[in-house]
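Below is one structure, written out as structure tokens; the observations come after it.
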Amino acid sequence: MGVTGMRVPRKEDPRLLRGRGAFADGFHARGELWARIVRSPVAHGTVRAVDVQAARRAGGVAAVVTAADLPPGLAIPVRLALRGLPLTDFLQPVLAAGVVRYVGEPLAVVVARDAYAAEDAAELVDLDIEPLPAVLDAAAAAGDGAAGDGAAGDGAAGEGAPRLFPAGNVAADVTLDYGDTEAAFARAAHVAEAEIEIGRHTGVPLEPRALLAEPDPRTGGLSITGMTKVPVFNRDVLAAMLGIDETLIHVRAIDAGGGFGVRGEFYPEDYLVPWLARTLGRPVKWAEDRAEHLVAVNHSRQQVHRIRAAFDAHGRILALADDILHDNGAYCRTHGITVPELTVAMLPGPYRVPAFRGRIRVLLTNKTPCGTYRAPGRFEGSTAREQLLDMAAGQLGIGRAELRRRNLLRPDELPCRRPLRTLGTDVVLDAGDYPALLAAAQAEAVRLGYPALVARERAAGRRCGLGLAVFLEKSGLGPQETADVVVSKTGTVHVYSGGTSLGQGIETVLAQIAADALGVDLGTVRVVAGDTALQPFGSGSWASRSTVVGGNAVHAAATAVAARARQLAARMLEAAEDDLVAAGGTIAVRGDPRSAVTLAQIAAAAGAASGYLHPGEPAGLAARRRFDVTHMTYPYGVHIAVAGVDPGTGEVRMLRYLVAYEVGRAVNPALVEGQLRGGVAQGIGGALLEEFSYDEAGQPLAVTFMDYLMPTAAEIPPVDVLVAQQAPAPGNPLGVMGAGEGGISAAGAAVASAVRDALGLAGTVGRLPLTPARVAALAEATMTPQAGQPHGPSTGGDLCDLHR
Amino acid sequence: MTDRHQVRLRVNGTEHELLVEARRTLADMLRHDLGYTGTNVGCEHGICGACTVRLDGAPVRSCLVFGVQADGADVRTVEGLADGDELSDLQQAFRDHHALQCGFCTPGFLMLAEAYFAERGLVPPAGPGRPPPGAGEEPSEAEIRELVASNLCRCTGYQGIVAAMLATARARRAAGPG
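Top line first, the protein sequences correspond to chains A and B. For the numbering used here, count along the first sequence from 1 and bump the result up by 14. For the numbering used here, count along the second sequence from 1 and bump the result up by 22.
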């Protein structure tokens with residue numbers, strides 16, 4: 015019986031539970047020096063001088079390096095270059111030279127005998143920076159003024175707004191559209207519009223970043239510990255920047271304390287630490303502290319949407335349009351305009367949208383640069399779209415769920431090719447039954463007592479609301495994954511994957527797939543993920559791709575090894591392959607179980623000196639296979655949430671939360687559920703608690719966990735999960751879709767929907783996060799005469815009424 | 023010129039003696055000077071709790087304790103929980119309930135739980151020592167959730183952690199005083 019589809023215990027757990035996780039900061043090298051980055055204390059300024067004399071003289075200091083010491087012109091490259099847009103004007107230098115553009119920007123590096131000495135010396139670096147006015151608002155950067163009409167940008171900064179770059183503050187102005195939206199709006203029976211803002215927040219994994227770079231003077235090579243996510247890409251970037259052959263750099267497989275999209279991109283430290291190691295001829299170790307992490311690592315999410323939808327008399331969408339300002343921080347780093355493009359391309363979600371126009375302007379501001387964070391573009395877009403639909407439902411006099419039902423694509427309308435391209439591929443909604451999952455989610459919520467809970471709370475005089483969000487996700491991004499499966503002489507099956515261990519359980523999932531393809535015990539499979547010497551053709555773990563693309567590559571490679579094993583066994587047993595049966599890790603002649611040979615014996619038969627090899631045949635029981643994809647696969651889901659709101663204090667308590675998610679096929683259901691639950695927790699954090707705010711001078715106000723509020727167990731309710739495996743993905747042999755982002759993707763939307771319902775808002779919630787201050791203000795506004803036609807809290811019944 | 027002080031301490035039953043600067047944190051001393059890298063540092067300002075160890079039985083944020091404060095103390099870290107190849111009952115419960123994903127916060131939660139259970143006389147089935155009088159009380163799920171709210175986890179959403187701790191508490195209660 016196979017293990018795919020089973021809740022097998024994770025292979026990663028024993029070492030992690032014992033405290034033997036291979037986190038980068040736990041690694042040391044003899045003779046290592048420690049690096050400490052000197053960072054700009056100013057949001058925007060002209061660098062007059064960086065005086066390192068005192069730092070160089072400090073005890074235990076080996077070197078202090080500024081931009082002047084580095085090769086000239088070094089910049090962080092764009093990993094995902096989209097739409098042929100050159101962003102070279104907006105790239106971040108490895109170390110700032112003449113100008114600094116955000117608080118936290120690296121200006122210098124101190125290298126010393128230990129971390130404490132390095133930090134002491136870093137404080138002695140004297141920075142002479144003349145402050146410049148800071149741009150902190152995307153609208154100001156765009157020159158939008160109060161009510162911009164979306165006039166095409168020409169790269170110029172708004173009148174009066176300081177320029178971050180000679181080329182201006184607008185990195186890109188991208189429109190994706192199809193159909194005639196203006197005609198649709200003109201003839202619409204009803205138009206709904208809203209302005210919705212999502213606050214700046216990001217992944218904040220619990221492990222801060224760390225790196226150890228060890229030079230090998232004999233070969234000129236480098237061993238790197240601490241790179242993850244896209245190790246082959248990072249290796250190649252580093253090699254190009256150092257001017258060395260990429261195979262001289264070995265990025266080791268590690269454990270990572272959470273990735274969430276933000277860990278593992280190429281940051282300035284990823285160049286500096288290896289460069290220092292090579293230059294000094296010593297191992298160099300570096301670890302950031304949390305305060306650094308919160309200003310240095312990619313931020314995300316900050317967008318303002320002006321979104322409109324046109325409806326016919328029956329509440330069917332005729333057109334959807336959105337004009338978005340995306341605050342990208344001070345530079346375009348490795349993600350380029352990925353998040354903005356995804357926001358627009360995924361905005362229509364799982365709905366029938368005959369005409370669409372999404373415009374997004376990518377603005378540069380004097381804040382931490384931005385990149386992808388779990389469900390990038392979708393958390394933001396779903397919040398805006400679903401809030402608009404909630405509001406429109408009220409305006410149209412249609413139930414919120416009913417409005418979704420009328421507009422969700424039906425199964426017979428799939429596959430649906432949207433005339434939109436993102437990440438270099440067309441958006442083709444491949445398989446699924448969106449209305450059925452909505453109905454299943456509603457039924458489950460009723461079964462679990464959600465509407466009854468809302469009714470009880472309201473009867474007791476408390477504000478309580480039921481929220482709904484329906485969403486489309488994406489997973490399985492190409493172009494490829496490569497996997498090696500190698501059987502060694504002990505019969506151990508080694509899988510060398512191009513993904514990386516971020517905590518998601520990749521070693522377990524890939525082992526399950528390999529074990530089933532080979533018919534062996536799960537315990538005999540050992541997975542190494544993200545070692546660039548073992549797997550030089552990996553494309554990394556991000557965008558919920560590892561099970562889909564990596565898993566199918568492993569399946570192909572393991573299947574090839576199984577075939578090769580059969581071929582060799584036939585030679586060993588002097589039988590025809592058709593007369594062989596494979597079971598329990600052995601191959602035997604049918605009807606003669608005593609003839610059985612083990613995988614270890616077969617591996618030995620493939621040994622270099624083996625007589626079973628034909629002339630010229632390569633030795634070894636191994637296979638390398640590549641799985642390539644041209645289109646992503648699109649999972650989907652529904653979130654239903656119950657929120658209690660105290661209108662006086664503005665406190666929001668999430669009481670219940672349901673995620674219903676179609677995953678195609680779950681290789682390990684426990685891991686799928688874990689991803690969904692973890693995503694919900696992060697999503698609730700982004701909806702209620704987490705925000706990076708700045709003062710007027712551009713000083714970040716959230717640099718510790720005192721101010722950047724991470725959700726604890728007190729803020730996260732038990733999450734109910736309904737995993738559907740009704741719609742196997744048509745684009746891959748395993749039929750799998752990714753699950754990494756399904757829990758977070760619509761959480762902003764669902765929480766907003768519940769709070770809006772609790773307060774009986776006529777409009778939208780307007781902005782995330784829904785802090786107590788914001789919620790109290792919204793509550794108060796509903797009690798003033800100007801509130802207009804009172805909407806009144808819905809009974810929640812429309813959400814779970816299946817009879818309309 | 024840095025001041026260095028002699029520290030003698032016992033970690034998971036093993037005696038250690040070393041010289042450290044007065045400002046060296048217990049977390050850094052354990053991790054980098056003594057090689058107990060199982061204890062992780064997530065924030066260095068006492069909020070996340072990933073660095074939780076037991077200092078003379080009590081749970082402490084080792085990032086907020088100086089190494090010199092551990093002079094003469096008995097320190098317990100995650101490395102002391104398993105018995106050779108065998109995971110402790112609490113560790114096994116974490117595994118069974120999918121209470122960890124990246125594992126970075128896990129040692130802190132394990133030590134927090136063991137300290138809490140010890141206070142309540144919920145010792146492991148084969149554990150040494152007598153429970154204090156009136157001990158062995160089973161905590162409610164609400165109490166466990168409140169305990170879990172002491173530390174941060176970014177991966178799991180806490181449900182598995184609460185379930186694992188509750189299951190362990192119940193099993194130890196059922197097993198009776200040690």
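The C-beta atom is built at its ideal place from N, Cα and C for all residues, glycine as well. Given the structure is predicted, the values throughout are model-derived calculations rather than measurements.
{"Item": "Could you tell me whether the Cβ atoms of A/A38 and A/I263 are closer together than 9 Å?", "Value": "no"}
{"Item": "Would you kindly report the start and end of the unbroken alpha helix (DSSP H) that includes A/R580?", "Value": "565-587"}
{"Item": "Please name the residue in A/H340, A/W48, A/E487, A/D642 whose C-alpha comes closest to that of A/L286.", "Value": "A/W48"}
{"Item": "Can you tell which of A/A344, A/Y365, A/H307 has the C-alpha that lies nearest to the C-alpha of A/I331?", "Value": "A/Y365"}
{"Item": "Can you confirm whether A/P23, when its beta carbon is compared against all beta carbons of chain B, has any partner nearer than 9 Å?", "Value": "yes"}
{"Item": "Going along chain B, which residues have a C-beta under 8 Å from A/T718?", "Value": "C65, H67, I69"}
{"Item": "From which residue to which residue does the alpha helix (DSSP H) around A/P821 run?", "Value": "Residue 821 of chain A cannot be examined here, being either before or after the span of chain A that is shown, 15 to 818."}
{"Item": "Give me, in chain order, the residues of the same chain whose beta-carbon lies closer than 6 Å to that of A/V542; leave out the 5 immediate sequence neighbours on both sides.", "Value": "A267, Y510, L548"}
{"Item": "Between the alpha carbons of A/T504 and A/A614, how many angstroms are there, rounded?", "Value": "5 Å"}
{"Item": "Closer than 7 Å by beta-carbon distance: list the chain A residues that pair up with B/F116, in chain order.", "Value": "L31"}
{"Item": "Per DSSP, what kind of secondary structure is A/G757 in: helix, strand or coil?", "Value": "coil"}
{"Item": "Quick one: complete alpha helix (DSSP H) runs, 4+ long, within the segment 18-104 of chain A?", "Value": "27-31, 67-71"}
{"Item": "Leaving out five residues on either side along the sequence, give the residues of the same chain with a beta carbon under 7 Å from the beta carbon of A/G169.", "Value": "Confidence at A/G169 is low in this model, with a pLDDT of 43, below 50, so its placement is unreliable and no value can be given for it."}
{"Item": "Three Cβ pairs or more, each shorter than 8 Å: is that satisfied between the segment 177-195 of chain B and the segment 105-125 of chain B?", "Value": "yes"}
{"Item": "Quick check on B/Q123 - is its C-beta less than 9 Å from some C-beta in chain A?", "Value": "yes"}
{"Item": "Would DSSP call A/D284 helix, strand or coil?", "Value": "helix"}
{"Item": "I'd like to know whether the C-beta atoms of A/K381 and A/G757 end up nearer to each other than 9 Å.", "Value": "no"}
{"Item": "Per DSSP, what kind of secondary structure is B/T99 in: helix, strand or coil?", "Value": "coil"}
{"Item": "What's the C-alpha gap between A/V17 and A/D530?", "Value": "6 Å"}
{"Item": "Between A/L410 and A/G517, how many whole angstroms is the CB-CB distance? I'm expecting something under 8 Å.", "Value": "Wrong, their Cβ atoms sit about 44 Å apart, outside the cutoff."}
{"Item": "By Cβ distance below 7 Å, which residues in the same chain neighbour A/R691 in space, the five residues on each side in sequence not counted?", "Value": "V733, V735, G757"}
{"Item": "Using the beta-carbon count (16 or more within 10 Å), is A/M360 buried or exposed?", "Value": "buried"}
{"Item": "Using 8 Å as the cut-off, can you tell me whether the segment 243-255 of chain A makes contact with the segment 281-296 of chain A, which would need three or more C-beta pairs spanning the two stretches below that distance?", "Value": "yes"}
{"Item": "Measuring straight from C-alpha to C-alpha, what distance separates A/V643 and A/T496?", "Value": "12 Å"}
{"Item": "For A/R420, I'd like the list of residues in its chain whose CB is within less than 8 Å of its CB, leaving aside the five on either flank, ordered along the chain.", "Value": "H328, G329, R330, I412"}
{"Item": "Can you find a C-beta in chain B that's less than 9 Å from the C-beta of A/V17?", "Value": "no"}
{"Item": "In terms of DSSP beta bridges, what is B/T47 paired with?", "Value": "B/F88"}
{"Item": "Is A/E283 close to the ligand MG? I mean its beta-carbon at under 8 Å from any heavy atom of the ligand.", "Value": "Ligands displayed in this structure: none; no statement on the ligand MG is therefore possible."}
{"Item": "Within the same chain, show all residues whose beta-carbon is closer than 7 Å to that of A/D163, passing over the 5 residues directly before and after it, in chain order.", "Value": "For A/D163, the predicted structure reports a pLDDT of 35, less than 50, and the residue's modelled location is therefore unreliable. A value from the coordinates is still provided. Excluding positions up to five away in sequence, the list is empty."}
{"Item": "Going by the CB atoms, is the gap between A/V666 and A/V507 shorter than 9 Å?", "Value": "no"}
{"Item": "Please decide whether B/F88 counts as near chain A, where near means a Cβ-Cβ distance under 9 Å.", "Value": "no"}
{"Item": "For B/P81 and chain A, any beta-carbon pair shorter than 9 Å?", "Value": "no"}
{"Item": "Which term fits B/S162, buried or exposed, when burial requires 16 or more other beta carbons within 10 angstroms of its beta carbon?", "Value": "exposed"}
{"Item": "Please decide whether A/V733 counts as near chain B, where near means a Cβ-Cβ distance under 9 Å.", "Value": "yes"}
{"Item": "Apart from the five residues on each side of it in sequence, which residues of its chain come closer than 6 Å, Cβ to Cβ, to A/V311?", "Value": "V276"}
{"Item": "Bridge partners for A/V12 per DSSP, in chain order?", "Value": "Residue coverage of chain A in this structure runs from 15 to 818, which leaves residue 12 of chain A outside it and unanswerable."}
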